[in-house]
Every structure is written in structure tokens, then in C-alpha cells.
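The sequence shown begins at 137 in the numbering used here and counts up by one.
We put the CB at the ideal spot given by N, CA and C, even for glycine.
Notes to accompany the following structure.
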Amino acid sequence: MNRTLALAALALCGAAHAQPATPDLQARAWAASCAACHGTDGRSSGAIPSINGQDKQVLLTKLLAYKRDQLPATVMHQHAKGYSDAQLERLAAHFARLPR
Numbered sequence: 137m138n139r140t141l142a143l144a145a146l147a148l149c150g151a152a153h154a155q156p157a158t159p160d161l162q163a164r165a166w167a168a169s170c171a172a173c174h175g176t177d178g179r180s181s182g183a184i185p186s187i188n189g190q191d192k193q194v195l196l197t198k199l200l201a202y203k204r205d206q207l208p209a210t211v212m213h214q215h216a217k218g219y220s221d222a223q224l225e226r227l228a229a230h231f232a233r234l235p236r
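Have a look at this one:
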């Protein structure tokens with residue numbers, strides 16, 4: 137009986153380690169403002185690009201470029217300047233985790 141319990145405990149520990157990282161709830165809250173243009177969860181249905189499922193580093197590079205006025209934009213540079221580089225990295229990670 138004890139052996140069965142030990143095996144079950146080991147299985148649960150392994151399952152816990154296999155779980156995906158806990159979602160960043162703060163980044164999710166910040167991402168809500170992105171929905172106005174990029175759609176819910178970054179899935180745009182219009183001319184503005186979808187940002188869900190994009191590579192984190194690609195998205196972060198673009199966000200930082202908007203923040204530093206290195207990419208032309210209508211409003212993205214204004215939005216990006218409202219966040220620290222670390223916050224933009226968390227936003228990029230959030231959208232990268234979302235399915236396409």
C-alpha cells in the first residue's frame with residue numbers, strides 16, 4: 137500500500153513539473169488595452185495585424201522600436217512609451233504564449 141502511494145506521489149510531482157508556466161495576470165491586464173485594435177487575445181479580424189502566437193523576441197523587438205521611435209506608427213509609439221522595457225517584455229511573452 138505504501139509503495140502505491142509513493143508511486144502516485146511521484147506521478148503527481150512529475151505532472152506538476154510538466155504543467156505550463158502560470159499565466160502572467162498583470163501582463164494579461166495590460167494586454168486588455170491592446171484588444172481595442174488587435175482584437176481579443178491579439179486576434180485581429182481587420183487590417184491591423186494579429187499579435188497572438190508571434191515569436192516573443194520578434195514582438196519585443198518591434199515594441200522596443202516603437203518605443204524608441206525607430207518604427208513608423210500612428211499610435212503604437214505612444215502606447216509603447218507608456219511601458220517600461222521589462223513590461224514590454226512581459227507583454228511580448230504573454231502574446232507569444234497565446235495560440236494563433
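Three or more C-beta pairs below 8 Å linking the segment 156–166 and the segment 196–208:
Result no; under three Cβ-Cβ pairs closer than 8 Å.
With residue 162 as the anchor, note down where its alpha helix (DSSP H) starts and where it stops.
Within the sequence shown, residue 162 is the residue found at index 26, counting from 1. Residues 161–167.
For residue 173, report the span of its alpha helix (DSSP H) as first-last.
Translated into positions along the sequence shown, residue 173 becomes position 37. Residue 173 -> alpha helix (DSSP H) spans 171–174.
Distance, Cα to Cα, residue 159 vs residue 233?
Translated into the one-based positions of the sequence shown, residue 159 becomes position 23. Translated into the one-based positions of the sequence shown, residue 233 becomes position 97. A straight-line Cα-Cα distance of about 9 Å links residue 159 and residue 233.
Rounded C-alpha distance that separates residue 258 from residue 188:
With the chain represented from 137 up to 236, any question about residue 258 goes unanswered, as that position is not in the structure.
Given a threshold of 16 other Cβ atoms within 10 Å of its Cβ, counted over all protein chains shown, does residue 172 qualify as buried or as exposed?
Taking the sequence shown and counting its residues from 1, the one referred to as residue 172 is at position 36. Under a 10 Å Cβ-count criterion, residue 172 is classified as exposed, with fewer than 16 other Cβ atoms of the shown protein chains found around its own Cβ.
Return the chain-ordered list of same chain residues with a C-beta closer than 7 Å to the C-beta of residue 191, the five sequence neighbours on each side being excluded.
Sequence index remark: in the sequence shown, residue 191 carries index 55 (1-based). These residues qualify, in order along the chain: 232.
Cβ separation of residue 167 and residue 227, assumed to be a contact under 8 Å, to the nearest whole Å
Along the sequence shown, read from residue 1 onward, the residue named residue 167 stands at position 31. Along the sequence shown, read from residue 1 onward, the residue named residue 227 stands at position 91. So it is a contact: roughly 6 Å between Cβ atoms.
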